[in-house]
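Contents: one structure, followed by commentary.
Chains as they are written, first to last, in this note's numbering: chain A, 6 to 263; chain B, 6 to 263; chain C, 6 to 263; chain D, 6 to 263.
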């Protein structure tokens, strides 16, 4: 039975809207529902219920990667959301052993997920041109223990990727269509190019550029997540919904006609 | 540069609506656009363009797992779709090394995806009570090279799971609420229970049962995939859409209050 | 050319997120972008652009009924939204001359729309059991000039409707299934029963009750409205969306089998 | 109690997927579930249940306008669907007394709805440049009894509308942006311009053109209709859904800045 150790990050779950991701250390954690002495969590089994000074019950959960990203990552940019990451994984077949370049690391949310899924033998090459984001991403990724699978690069992919024969290239850039030729060069034959963009115009330009450059099997999709309030006799979708994050384009490198 | 070998499965991509997943052997493959002598593909790089007897151009792609499932798996039951698998992965944090039980193997589509993502050190225990489905699933999974990560069991999970301390349990059953206690016993503390159901009534019963049995952090979500026809100046969503596959419930095992 | 008169309600449109519905009178209207002397609008053509004391440009629009409802009605309850009203109209064929009963007047939003569309020869009978809502609805409806087509009744429809041979009955009640027999009695043969409910459980019970009572041709639908930010080269759906208002059930009265 | 008369159009409702809109005359109507002698319906109350030669029960319903459009109209072009018509009505405030021009009559579905809702004092001016569609629309509209509220014109609106001071102009054209100035001239101040387009590019161009020409209060929306299979304990959305019909743009004429 796994127990909480000093230095662990734990998710203190209060209710469906509130959970706190904290590092277990010799300190007091304050909430509007009272405080918890975090040191006292050490040695408790995960899944335990603990009470705050005001008697509120918290459940000590082991955070998932998604919990880290949504609750711990600094996110000065829009991130690629877990729902969209899911599509990226299963549509592109990204899995253990994949070598992937990602252009536009931003806060590192997608980088973290990609690293998580290419473990233990794969590798993520993360390109970012804004030094301040490299810094934020590094800090964010430090919580996840995934840095050994990631190489962050302060480089402009318009000058090309350093890698060749990649299994996949993921673009999260304002002008993805500009780097189609560079992505082509970096990919192995039959490799997958993925582009994430908030506007439909970006999708259009990217698809046109990719088709014109020898990519085939284009799919452009959008993933809408609908969340439900479930209660016997009163079940309904939530009133407010994230109506849009971005569109995903998937396409595959083919050799040019000869 | 990876080339096609005899015995490989290749995806012969024709256009956005048509692609054929075939095994490369000494035979002729016929389409409405002419035939291809598959033997001649041997030694060609993946990504190559080849021409049929009628001059139609096909691109030789390496199939992803999704291609196998959508084009090669026999699917007498509704499968869990790749869009929903994506959510399962990223919401539950399923990744390399996970030990997972799946109840309701059906055609094995989800089984295959789970195995793909828990590689190389994880394992999927697939339960199914209908012998004919075990057979279909085995045949389907044989195309994927993933059987070494999977253990199929002809057993009724209402009698309990054989495993303990699992990272996740996935239910794709008509009456998932009946096996909540068994899933609880099989999961490690803080482990994730996932249930996939087509009807909202199943969601309601499952959530109520899980909450009543010590599970916390319930999320009930639905993933809608919208596909686009992308063409400069004529971009629009596709007219016909899959409006519903199923709902997903995620919840986590907590220790009972004492 | 229609000009603004004293006593008119006008919509002072500022930008896509801000518009103010005000009565033109001898007073000053203050906004964060400066003030307007409303009296000075008198005699201006509708559609005119006027400037506030701070130089902000407002356009003087003639409010639609939807503007009144969204900007002027007090709404202590959830209202039936214009998108849902649209479906009600076209699916039930509600139009000029219809005689309709509505149970659950609430703030009167749907009442107003129904009255607007049954003019000039139709009539809306609005039932409400909470006196405070009758009062609010009356006040709200007073802005619209539609009261002559409406009869508000402080009555419980569980005791039955006063009317017979109605073209349509619209239910916006917590337990619509309880009044199915009363709606049946009030409707003409082949007349349409419409029910609006936030939860899927209400839909289920209502449909079951209606089918059991001789209603046929059941349709249960939900209308999702997606809004777009449109700008050359940057077009995308809005990030936040109303994900749910309610479900609509449409069904038609048939004579019972004999 | 209203009874069926010779010459009436009735909807013979069989089940949730099948209903037949037929004219009552001295003839036999054949279905895969047996035949009905239509003459025998004369004198039966609407809502009656009748049996076919094979014993199948049909309910005799009075068709709504939507029934006529979906079951009786010839539709060689994509029509504006009732769900979208609903938004047009409630967002633009189209109702009794409105004078409206519609450009792109096509099969006349929207024309019919507009006429239905502007009765008895309003009028719809329908422009169409393809003579064959004028013919089809006339035939379609002849079933509805609404022709007295409609004036069909074989004219190109790029040459302008004949009317002035219209309450609304509705465009269902491939290049709506080209006629923005003509719509402006035809509208009264503060009047509403509505454009329906299948592609997002059309929306973008139309919005840009309208904004550049003195229109304000732009809204671009899309309406998704989701249909449900409702059955106690087995309620779920339908698997296949119409994922897209078109986008709607609403905007209002303002006087130009001076």
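The beta-carbon is built from N, C-alpha and C at its ideal position, and this holds for glycine as well.
Quick caveat: nothing in here was measured; it's all calculated off a predicted structure.
For residue 81 (chain B), the nearest beta carbon of chain D is not closer than 8 Å to its own beta carbon. Taking the C-beta atoms as reference points, residue 115 (chain B) is found nearer than 8 Å to residue 175 (chain B). Membership of residue 191 (chain D) in the alpha helix (DSSP H) is indicated by the continuous run 185-191. Under the DSSP assignment, residue 90 (chain C) falls in the alpha helix (DSSP H) whose first and last residues are 87-97. The beta strand (DSSP E) runs lying completely inside the stretch 93-178 of chain C and spanning 3 residues or more are 104-108, 128-133, 155-159 and 171-176, given in chain order.
At least 8 Å separates the CB of residue 152 (chain A) from every CB of chain C. Rounded to the nearest whole angstrom, the CA to CA distance from residue 179 (chain C) to residue 133 (chain C) is 12 Å. Residue state for residue 54 (chain C) is assigned as strand, using DSSP reduced to three classes.
Residue range 70-76 is occupied by the alpha helix (DSSP H) that includes residue 76 (chain D). Spatial neighbours of residue 194 (chain A) in its own chain (CB-CB distance under 7 Å, excluding positions within 5 residues in sequence) are listed in chain order as 258 and 260. DSSP assignment within the stretch 187-241 of chain D yields the following whole alpha helix (DSSP H) runs of 4 residues or more, N-terminal first: 205-217. In its chain, beyond the 5 residues on either side, 112, 141, 144 and 145 have a beta carbon closer than 8 Å to the beta carbon of residue 79 (chain C).
The beta carbon of residue 203 (chain C) sits closer than 6 Å to the beta carbons of 251 from its chain, once the five residues preceding and following it are set aside; these are given in chain order. By the criterion of at least three beta-carbon pairs nearer than 8 Å, the stretch 216-232 of chain D is not in contact with the stretch 50-67 of chain D. Your pair residue 51 (chain C) and residue 148 (chain C) does not check out as a contact, with CB atoms roughly 18 Å apart and the cut at 8 Å. Leaving aside the five residues that flank residue 89 (chain B) on each side, the residues in its chain whose CB is nearer than 7 Å to its CB run, in chain order, 201, 228, 250, 251 and 253. Interface criterion not met: the Cβ of residue 52 (chain A) is under 8 Å from no Cβ in chain C. If you look at residue 258 (chain C), you'll find it in the beta strand (DSSP E) that goes 252-258. With a threshold of 16 other beta carbon atoms within 10 Å, residue 211 (chain C) meets it and is buried. Contact of residue 205 (chain C) with chain B by beta-carbon distance below 9 Å involves 205, 206 and 209.
Across the structure, residue 207 (chain A) and residue 82 (chain D) are spaced so that their CA atoms are roughly 30 Å apart. Remark: C-beta atoms of residue 27 (chain B) and residue 12 (chain B) do not approach each other more closely than 8 Å.
Residue 42 (chain B): member of the beta strand (DSSP E) spanning 39-42, first to last residue.
Taking C-alpha positions only, residue 218 (chain B) is separated from residue 182 (chain B) by approximately 10 Å. Of all residues in the stretch 19-31 of chain B, those with a C-beta nearer than 8 Å to a C-beta of chain A are 21 and 24, reading in chain order. Taken through DSSP and simplified to helix, strand or coil, residue 28 (chain D) comes out as strand. CA-to-CA, the gap between residue 238 (chain C) and residue 96 (chain A) works out to about 27 Å. For residue 186 (chain D), the closest alpha carbon among the candidates D:165, D:245, D:177 and D:173 is that of D:165. Taking 8 Å as the cut-off, the Cβ atoms of residue 150 (chain D) and residue 173 (chain D) do not count as close. Between residue 66 (chain D) and residue 121 (chain D), the C-beta spacing is not below 8 Å.
For the stretch 226-245 of chain C, residues whose beta-carbon sits nearer than 7 Å to a beta-carbon of chain A comprise 231, 238, 239, 240, 241, 242, 243, 244 and 245. Against chain C, the CB of residue 248 (chain A) has a partner CB under 8 Å away; the residue lies at that interface. Along the stretch 141-174 of chain A, there is no position whose C-beta sits under 7 Å from a C-beta of chain B. In this structure, the CA atom of residue 59 (chain C) is about 49 Å from the CA atom of residue 159 (chain D).
In the assembly as shown, residue 48 (chain C) is an exposed residue. Its beta-carbon has fewer than 16 other beta-carbons within 10 Å.
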